[in-house]
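Residue numbers (UniProt numbering), protein chains in the order written: chain W, 1 to 149; chain P, 1 to 149.
We put the CB at the ideal spot given by N, CA and C, even for glycine.
For clarity, every value in this text was computed on a predicted model and none was experimentally measured.
Please read the structure below before turning to the comments.
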DNA sequence: TCTGAAAGTCGCAAACA
DNA sequence: TGTTTGCGACTTTCAGA
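Right, here's the structure in full:
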């Protein structure tokens, strides 16, 4: 994957901030014609630099007000570690990071209520044969801030 | 903020998966006319359920290959706690969650290289008068998976 | 890699059920 | 809340430089 030059960075920044911006406006903001802007966006998508577009949603409003981080450690360190695949089946698991340190993975999960968290923890332990350590999120001052390009 | 009914859920799910889907296609997928779909989307935006739209970007390709979680604890528990605002000025900080447990906040940060992480940690400690505990992300099997609605 | 033009699609507002 | 209708804007492709 090649480097990203300035003009492309600018385009990426625009689209991260407003994923529905028109190519015409991207062009105006970058001094390109509509088609040139469009072509560059398409190339960014093909190169995998822009992975896609998503609506940013308020998960509380959708009935998932409780967020938690769950650190996960295999009970049998000798067993083959396929925890990410095993946990991918659980819809509540929004992210899975392999990490350095005491534990092997950090999961980010969203559920509707404390009881759902309890159920989810049981599922996680059973699915991946792991022990867990849970940190409940009380509030989120901010999240998903665009990177400074 | 009112509850979200089934049709709206469906629309949200569609737009989370493809933030650039046309209202015509949203309509086709939900059995609504283009304008009805459009109106519902607009209402979802006004209610704050859809916060906006963003391009999903490969941060590695943008020169930020190193992700870490930093747990943060105020050194002076008696001081007024404005850490989130103080840390908001640091572009590397992508998210800030207030959490229950030993530490007060969990930050998610992205930097270009280990040396940048060192610099950032110093900035964080200085800006918010906190101690830190850092967990480096080795790889991310998945992240930002859409919630199952 | 850019521009400019042509054709089709879409966004958006208005009028009405 | 919903549908239909219509105009202007936008997307998309292509020829040409």
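Please state if the CB of residue 48 of chain W and the CB of residue 58 of chain P are separated by a distance shorter than 8 Å. yes
Of the choices P:29, P:131, P:113, P:114, whose alpha-carbon is the least far from that of residue 107 of chain P? Scanning P:29, P:131, P:113, P:114 for the CA closest to the CA of residue 107 of chain P turns up P:131.
Nearest-angstrom Cβ-Cβ length linking residue 62 of chain P and residue 12 of chain W, presumed shorter than 8 Å: 7 Å
Just tell me which of W:42, W:104, W:115, W:119 has its CA closest to the CA of residue 80 of chain W. W:104
Looking only at C-alpha atoms, which of P:32, P:129, P:145, P:136 sits nearest to residue 78 of chain P? P:129
In the DSSP assignment, what residue or residues form a beta bridge with residue 97 of chain P? P:106
Could you tell me which uninterrupted alpha helix (DSSP H) segments, each at least 4 residues in length, are contained entirely in the region 57 to 95 of chain P, listed from first to last along the chain? You should have 83 to 88.
What number of angstroms, rounded off, separates the C-alpha of residue 22 of chain W from the C-alpha of residue 75 of chain P? 47 Å
What residue range does the alpha helix (DSSP H) around residue 114 of chain W cover? 114 to 128
Would you mind reading off the limits of the alpha helix (DSSP H) that contains residue 27 of chain P? 23 to 30
Per DSSP, residue 36 of chain P forms a beta bridge with which residues? The partner list for residue 36 of chain P (beta bridge, DSSP) is empty, contrary to what the question assumes.
Buried or exposed by the 16-neighbour rule on C-beta atoms within 10 Å, applied to residue 6 of chain W: exposed
Which word fits residue 71 of chain W, buried or exposed, when buried means at least 16 other C-beta atoms lie within 10 angstroms of its C-beta? buried
Give the single residue among P:136, P:90, P:102 whose Cα lies nearest to the Cα of residue 120 of chain P. P:90
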